[in-house]
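Q: Can you read through this structure? Questions will come right after.
There are 2 protein chains.
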Amino acid sequence: MANSTPKDYIIELIAKRIAGDIVFSQDPGAALKKWREYFDISQNEIARSMKIAPSVVSDYEKGRRRPGAGFIKRYVSALLAIDQLRGWTRVRQLMRTIGIPPEAVIDMREFDRKVTIAELVDLVKGVILTPNIDADRQIYGYTIVDSLRAIASLSGMQFYALLGATPERAVIFTGVQTGRSPMVAVRVSPVKPGVIVIHGPRRFIDPLAVELARLDGVPLILSLAESVDDIVKRLRAMSGYTSFSLPVA
Amino acid sequence: MANSTPKDYIIELIAKRIAGDIVFSQDPGAALKKWREYFDISQNEIARSMKIAPSVVSDYEKGRRRPGAGFIKRYVSALLAIDQLRGWTRVRQLMRTIGIPPEAVIDMREFDRKVTIAELVDLVKGVILTPNIDADRQIYGYTIVDSLRAIASLSGMQFYALLGATPERAVIFTGVQTGRSPMVAVRVSPVKPGVIVIHGPRRFIDPLAVELARLDGVPLILSLAESVDDIVKRLRAMSGYTSFSLPVA
DNA sequence: GGGTGAATTCGACTATTGGCTAATAGCACC
DNA sequence: GGTGCTATTAGCCAATAGTCGAATTCACCC
Chain A
-16 MANSTPKDYI IELIAKRIAG DIVFSQDPGA ALKKWREYFD ISQNEIARSM
34 KIAPSVVSDY EKGRRRPGAG FIKRYVSALL AIDQLRGWTR VRQLMRTIGI
84 PPEAVIDMRE FDRKVTIAEL VDLVKGVILT PNIDADRQIY GYTIVDSLRA
134 IASLSGMQFY ALLGATPERA VIFTGVQTGR SPMVAVRVSP VKPGVIVIHG
184 PRRFIDPLAV ELARLDGVPL ILSLAESVDD IVKRLRAMSG YTSFSLPVA
Chain B
-16 MANSTPKDYI IELIAKRIAG DIVFSQDPGA ALKKWREYFD ISQNEIARSM
34 KIAPSVVSDY EKGRRRPGAG FIKRYVSALL AIDQLRGWTR VRQLMRTIGI
84 PPEAVIDMRE FDRKVTIAEL VDLVKGVILT PNIDADRQIY GYTIVDSLRA
134 IASLSGMQFY ALLGATPERA VIFTGVQTGR SPMVAVRVSP VKPGVIVIHG
184 PRRFIDPLAV ELARLDGVPL ILSLAESVDD IVKRLRAMSG YTSFSLPVA
């Protein structure tokens, strides 16, 4: 964990958490101020980053105005942009409270609308290995897992949380050899993901994997995408991917 | 994990996450709709819960109007209120993606403004055991841990994430006998919390605990509060605690 | 065809957010 | 005292959010 850039989805989770905290605060102005102070940023500095007058920042923080959703989004984005300029010092701290091991999770997002299994098969350039399982379920989000790192670094319960294991989410295991160990992990999990996608260097699927999926009642998809990157990009396109552009300071 | 009510702080984390997702969505209207569909709620039902006309919901979801922060808060609160009426079916699913073991974490929140060590000592009705350690640091949030359950159910890395282990957060260990095992856990952690509070049935503190705190450079506070509940309430009062009142359906 | 329920569209009005400039205040330091 | 920096306040205008009710559309069923 050197000076590498935090992963996009982590930054995005942090941004959403901060924004949500402000929205639900009983005093949104004070919440704006709290987070600005947390990032150790002056009103002048964030005003410059947002290209507005400093008095606007004061108006909001003192409660003269209540921030709308658009303003909150820009304010939080500016906090993060400035933290980036400083080397992500605060984001590195905050990511420790997220509870996701970044080395094992490649990406984790919500789709911007509900997605069908058929659409997901298309997105991951895959084939469905369990055609007889209920394909009507709807998927609202996904987790892309680096299987080798996950197995190396996670205990049972973490795997459980990592799966984002709800019936409305997809889990994509990458770097998979035959598909067996992910399916064994899911088998022992008390709750199941909505659908499992496997992607790996070889195109051979252990029949046991398919049988375990069937027993669990979880659709299993084999992705034939050229690379993990390809999967990441294609799924992100369905997630209303937010790009944090860096304002000139 | 029977039919018990999810803990408040979990519900609140979910609410904030949903709100944040909507705020940062490139199409907030579509995000509103996505979440409503996820909760399997019709426009009419949420309109009734919010006491507005159904056409208002449609205007927002179709993008004719962009939701402000106030509306997002009310919309998300209504989703949750309806889910509560249904027995928290969707919240139970979502809490699995939070990555916090609810049985070990009693409460976990952000303060609504920065809090000094002296203030924290007062809040937990405590005494500072490490008077020579930098007391100028600022605390922005806290985690209240049930020490026995945490030790019983967590592995090393989970403990690490559980601590919310950043220099700006406090960790309160409850059900502590002498204070030694929490300090040992912190000692082996690569990052340290901003301050540690211990609370337990006995008022005896193992001198080793104090020495370990000193070595870690972490202020250690002994709380003399009458109960864990007392601590929860007093800290919540500093957190802009949001109460989800249940609208009549 | 008709009926029902859910969702959408539209015109209109009011309240609030978003932003500005200018003046002022507070604090630390010399 | 002066200087520099940060923050606050007030008045003002424009644009947008919030909301209504009426009419319309759509899907499903008999």
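Chains A and B, in that order, are what the protein sequence lines are. Counting in this note's numbering, the first sequence runs from -16 upward without gaps. Counting in this note's numbering, the second sequence runs from -16 upward without gaps. Note that beta-carbon positions come from the ideal geometry of N, C-alpha and C, so glycine has one too.
1. Quick one: which residues of the segment 162 to 176 of chain A get their C-beta closer than 9 Å to a C-beta of chain B? List them in chain order.
2. For residue 10 of chain A, which residues does DSSP report across the bridge?
3. Please work out which residues of its chain come closer than 7 Å, Cβ to Cβ, to residue 152 of chain A, disregarding the five sequence neighbours upstream and downstream, and give them in chain order.
4. Going by alpha carbons, who is nearest to residue 149 of chain A out of A/179, A/60, A/215 and A/-1?
5. Can a CB atom of chain A be found closer than 8 Å to the CB of residue 200 of chain B?
6. Could you list the residues in the segment 28 to 43 of chain B with a C-beta less than 7 Å from some C-beta on chain A, going in chain order?
7. Just reading off the beta strand (DSSP E) that residue 205 of chain B is part of, what are its end residues?
8. Among B/129, B/173 and B/202, which one has its Cα closest to the Cα of residue 160 of chain B?
9. Give me the subset of the segment -12 to 7 of chain A whose CB atoms are less than 9 Å from a CB atom of chain B, sorted by chain position.
10. Helix, strand or coil for residue 54 of chain B per DSSP?
11. When Cβ atoms are compared, which residues of the segment 63 to 81 of chain B fall closer than 8 Å to chain A?
12. Taking the Cβ atom as the reference point for each residue, do residue 55 of chain A and residue 52 of chain B lie within a distance shorter than 8 Å?
13. Does chain A have any CB closer than 8 Å to the CB of residue 14 of chain B?
14. How far does the alpha helix (DSSP H) with residue 31 of chain A in it extend, from its first residue to its last?
15. Hey, out of B/-12, B/194, B/-3 and B/17, whose CA is closest to residue 113 of chain B's CA?
16. How would you call residue 76 of chain B, buried or exposed, if buried means at least 16 neighbouring beta carbons within 10 angstroms?
17. Check whether chain A comes within 8 Å of residue 96 of chain B, counting only Cβ atoms and requiring the distance to be less than that.
18. Rounded to the nearest angstrom, what separates residue 2 of chain A and residue 95 of chain A at their Cα positions?
19. Using a Cβ-Cβ distance cut-off of 8 Å, determine whether residue 149 of chain A contacts chain B.
20. Any beta carbon from chain A within less than 8 Å of residue 229 of chain B's own beta carbon?
21. Mind reading off the beta-carbon distance from residue 233 of chain A to residue 62 of chain A? Whole number of angstroms is fine, and I expect it under 8 Å.
22. Comparing alpha-carbon positions, which option in B/210, B/106 and B/60 lies nearest residue 0 of chain B?
23. Which residues in the same chain have their Cβ closer than 7 Å to the Cβ of residue 187 of chain B, if we skip the five residues on either side of it in sequence?
24. Let me see if you follow: with CB-CB separation under 8 Å, is residue 85 of chain B close to chain A or not?
25. Just grab the DSSP bridge partners of residue 91 of chain B for me.
26. Using 8 Å as the limit for Cβ to Cβ distance, is residue 102 of chain A near chain B?
27. Start and end of the alpha helix (DSSP H) containing residue 220 of chain A?
28. Name the residue from B/106, B/47, B/30 and B/45 whose alpha carbon lies nearest to the alpha carbon of residue 209 of chain B.
29. Please report how far the alpha carbon of residue 87 of chain B lies from the alpha carbon of residue 154 of chain B, in whole angstroms.
30. What does residue 57 of chain A reach in chain B if we use C-beta pairs closer than 7 Å?
31. Starting from the beta carbon of residue 46 of chain B, find every residue of chain A whose beta carbon is closer than 7 Å, and list them in chain order.
32. Using a cut-off of 7 Å between C-beta atoms, extract the partners of residue 20 of chain B located in chain A.
33. Given that residue 17 of chain A touches chain B, what residues does it touch there, using C-beta distances under 8 Å?
34. So, with DSSP's three-state summary, where would you put residue 45 of chain A?
35. Just to check my reading of the structure: residue 4 of chain B and residue 102 of chain A have Cβ atoms closer than 8 Å, yes? What is that Cβ distance to the nearest angstrom?
36. Does DSSP put residue -1 of chain A in a helix, in a strand, or in coil?
A: Put simply:
1. 173 and 174
2. BP columns for residue 10 of chain A are empty, so no partner.
3. 122, 123, 124, 125, 126, 176 and 177
4. A/179
5. no
6. none
7. 203 to 206
8. B/129
9. -5, -4, -2, -1, 0, 1, 2, 3, 4, 5, 6 and 7
10. helix
11. 76, 77, 79, 80 and 81
12. yes
13. yes
14. 26 to 33
15. B/194
16. buried
17. yes
18. 18 Å
19. yes
20. The predicted position of residue 229 of chain B is uncertain, since its pLDDT is 41 and thus under 50; no value can be drawn from it.
21. There is no way to answer for residue 233 of chain A, as the model of chain A reaches only from -16 to 232.
22. B/60
23. 161
24. no
25. B/126
26. no
27. Counting along the chain, residue 220 of chain A falls outside any alpha helix (DSSP H), and DSSP gives it neither H nor E.
28. B/106
29. 13 Å
30. The premise fails here: residue 57 of chain A is roughly 10 Å from chain B at the closest Cβ pair, so nothing lies under 7 Å.
31. Under the 7 Å cutoff, chain A gives no residues; its nearest Cβ is about 13 Å from residue 46 of chain B.
32. 97
33. 93, 94, 95, 96, 97 and 123
34. coil
35. No, residue 4 of chain B and residue 102 of chain A are not in contact; Cβ-Cβ is about 20 Å, not under 8 Å.
36. helix
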